[in-house]
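Residue numbers (this note's numbering): 1 to 186. What follows is one structure encoded as structure tokens, with my remarks underneath.
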């Protein structure tokens with residue numbers, strides 16, 4: 001992970017660096033147990049959150065927001081950076097929207113709305129999604145996000161491409177997918 005420092009989120013770098021430091025310290029103090037100690041930390045702070053949040057993403061894609069929120073609520077303690085700590089709150093907003101409690105959901109998303117953080121951009125995307133204001137969302141992305149910020153935020157990319165499809169801009173959608181593929185090339 002540390003070798004891919006420019007490609008991964010800051011939280012993963014911090015966790016990887018911490019585990020590496022613990023490994024070095026344990027190797028110095030108790031060399032025969034250093035692998036077990038760092039392996040346990042790696043399992044708890046890398047493997048479990050990775051697999052757990054894959055399950056959360058699956059539940060979200062199936063629109064099981066309550067279950068996703070419950071799981072994310074537990075997992076956020078293992079990885080409290082990169083917006084994961086706030087993620088259950090955003091899932092609560094989706095759950096409220098699903099229950100037709102739109103005013104509560106909108107207020108919850110507005111509390112996080114900003115262009116400077118991934119959580120804020122996600123909240124903004126969800127705010128537009130909730131009202132099915134796809135044309136306004138596409139305009140917001142084009143006016144407020146740099147290309148680098150845009151391509152580093154998967155949630156915004158997905159909702160932006162959806163907004164192009166929802167508004168019937170098939171040419172824009174195809175161009176967007178092509179640009180996304182080019183941005184992922186080494």
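Backbone N, C-alpha and C fix where the C-beta goes; we use that ideal spot for every residue, glycine too. All values reported here derive from a predicted model rather than from experimental measurement.
Take residue i and list the residues in its own chain whose beta-carbon comes closer than 6 Å to its own, dropping the five residues that flank it on each side.
i           : result
residue 179 : none
residue 183 : 151
residue 110 : none
In angstroms with no decimal places, state the Cα-to-Cα distance between residue i and residue j.
i           : j           : result
residue 42  : residue 84  : 18 Å
residue 114 : residue 145 : 11 Å
residue 131 : residue 125 : 10 Å
residue 121 : residue 149 : 10 Å
residue 39  : residue 68  : 27 Å
residue 17  : residue 46  : 12 Å
residue 15  : residue 63  : 30 Å
residue 105 : residue 13  : 33 Å
residue 108 : residue 171 : 34 Å
Keeping to the same chain, check which residues put their C-beta closer than 7 Å to that of residue i; ignore five residues upstream and five downstream.
i          : result
residue 76 : 84, 85, 87 and 88
residue 65 : 91, 94, 95 and 98
residue 72 : 56, 87, 88 and 91
Between which two residues does the alpha helix (DSSP H) holding residue i run?
i           : result
residue 134 : 134-144
residue 125 : 118-130
residue 150 : 147-151
residue 113 : Element bounds for residue 113: n/a, residue is neither H nor E.
residue 58  : 48-61
residue 71  : 65-75
residue 31  : Premise fails: residue 31 is in no alpha helix (DSSP H) and is neither H nor E.
residue 155 : 154-166
State the CB to CB distance for the pair residue i and residue j, rounded to an integer number of angstroms; the pair is presumed to be in contact (CB under 8 Å).
i           : j           : result
residue 156 : residue 141 : 6 Å
residue 31  : residue 79  : The pair is not a contact, with the Cβ atoms about 28 Å apart (cut-off 8 Å).
residue 163 : residue 143 : Incorrect: roughly 13 Å between the Cβ atoms, too far for contact.
residue 119 : residue 112 : 6 Å
Residue i CB to nearest chain B CB: under 8 Å?
i           : result
residue 156 : Going by chain labels, chain B is absent from the structure shown, which holds only one protein chain.
_Does the region 19-32 come into contact with the region 54-63, if we say contact requires no fewer than three beta-carbon pairs (one atom in each stretch) closer than 8 Å?_
Segments in contact, no.
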